[in-house]
Amino acid sequence: EPEVTQTPSHQVTQMGQEVILRCVPISNHLYFYWYRQILGQKVEFLVSFYNNEISEKSEIFDDQFSVERPDGSNFTLKIRSTKLEDSAMYFCASSVVPDQPQHFGDGTRLSIL
Amino acid sequence: DQQVKQNSPSLSVQEGRISILNCDYTNSMFDYFLWYKKYPAEGPTFLISISSIKDKNEDGRFTVFLNKSAKHLSLHIVPSQPGDSAVYFCAAKLTGGGNKLTFGTGTQLKVEL
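Below is the structure:
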């Protein structure tokens, strides 16, 4: 069964450094998402992306965050200057169309030191 | 953000019996609801969904019930199996409100032999 793949599985970064999290969505899916889950908290929506544009973003997704689809397969989340509070599991998801279920990758654990 | 609530953090059920997981929501504009299962170190896995125009959807051992007047949905698993032991999240999507999923806090289900 096709799946969303994310790399790396664990990223450790010094505070203030830039980090890029990578995702390969399911190949025929057109809508892409990033969510995060801080330890012990809910899964929270960050951003949705369609047709090379952000279609929706949350309050969390401030100027320090950006997303990009640099080629036909990858979808990336960049955090420009990481903060301690960015430590979380980051999940990428994709769907064929908005009214179909979103399928999630296994996440990247981001640890900011 | 308490729009989607799962009031039971944990549930323990014997193998072969029915597991009932509950979810309440406050926003009447939610029109699509999903249940995800999550194992440790993995991403959420889609289980079953229901549109607000229905009150029941069934897929094998999994049935989701939606009571719109009570703003309540439940997931029934019957018969429960040890492999069902996981965290279960309900999620909801707004009518015409983009593709953002709002998640509950999750219920840890343990199916005992």
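Residue numbers (our numbering), protein chains in the order written: chain B, 1 to 113; chain E, 1001 to 1113.
In this text, a Cβ means the ideal position worked out from N, Cα and C, and glycines have one as well.
As the structure is a computational prediction, the values presented were derived from the model and not from experiment.
- Residue 91 of chain B sits away from residue 22 of chain B, with the two beta carbons spaced by 8 Å or more.
- By a beta-carbon distance limit of 8 Å, residue 105 of chain B contacts residue 1043 of chain E. Their separation comes to about 5 Å.
- Under the three-pair Cβ rule at 8 Å, the region 1006-1022 of chain E does not count as touching the region 1051-1062 of chain E.
- Taking the Cα positions, residue 76 of chain B is about 40 Å away from residue 1112 of chain E.
- At a Cβ-Cβ threshold of 8 Å, residue 32 of chain B and residue 45 of chain B do not count as neighbours.
- Beta-bridge partners assigned by DSSP to residue 1088 of chain E: E:1037, E:1107.
- What residue 111 of chain B touches in chain E, judged by beta-carbon distance under 9 Å, is nothing: the nearest beta carbon there is about 14 Å away.
- Bounds of any beta strand (DSSP E) do not take in residue 1029 of chain E, whose DSSP letter is neither H nor E.
- The residue from E:1090, E:1037, E:1110 with its alpha-carbon nearest to that of residue 1081 of chain E is E:1110.
- Contact between the region 1015-1025 of chain E and the region 62-80 of chain B is absent, with fewer than three C-beta pairs closer than 8 Å.
- Using a CB distance cut-off of 8 Å, residue 102 of chain B counts as an interface residue toward chain E.
- Under the three-state reduction of DSSP, residue 71 of chain B is assigned to coil, being neither helix nor strand.
- At a cut-off of 8 Å between C-beta atoms, residue 55 of chain B counts as an interface residue with respect to chain E.
- Here residue 103 of chain B is buried: its Cβ has 16 or more other Cβ atoms, across all protein chains shown, within 10 Å.
- Of the residues B:16, B:4, B:30, the one whose Cα lies closest to the Cα of residue 100 of chain B is B:30.
- Taking a C-beta cut-off of 9 Å against chain B, the contacting residues of the region 1084-1109 of chain E are 1089, 1091, 1093, 1097, 1098, 1099, 1100, 1101, 1102, 1103, 1104, 1105, 1106, listed in chain order.
- At a cut-off of 8 Å between C-beta atoms, residue 1032 of chain E counts as an interface residue with respect to chain B.
- Excluding sequence positions up to five before and after residue 87 of chain B, its CB lies within less than 7 Å of the CB of 110, 111, 112, all in the same chain and listed in chain order.
- In the structure shown, the three-state DSSP call for residue 1042 of chain E is coil.
- Inter-segment contact for the region 1082-1094 of chain E and the region 1031-1038 of chain E is present: three or more beta-carbon pairs are separated by less than 8 Å.
- Within the region 53-79 of chain B, the residues whose Cβ lies closer than 8 Å to any Cβ of chain E are, in chain order, 55, 56, 58.
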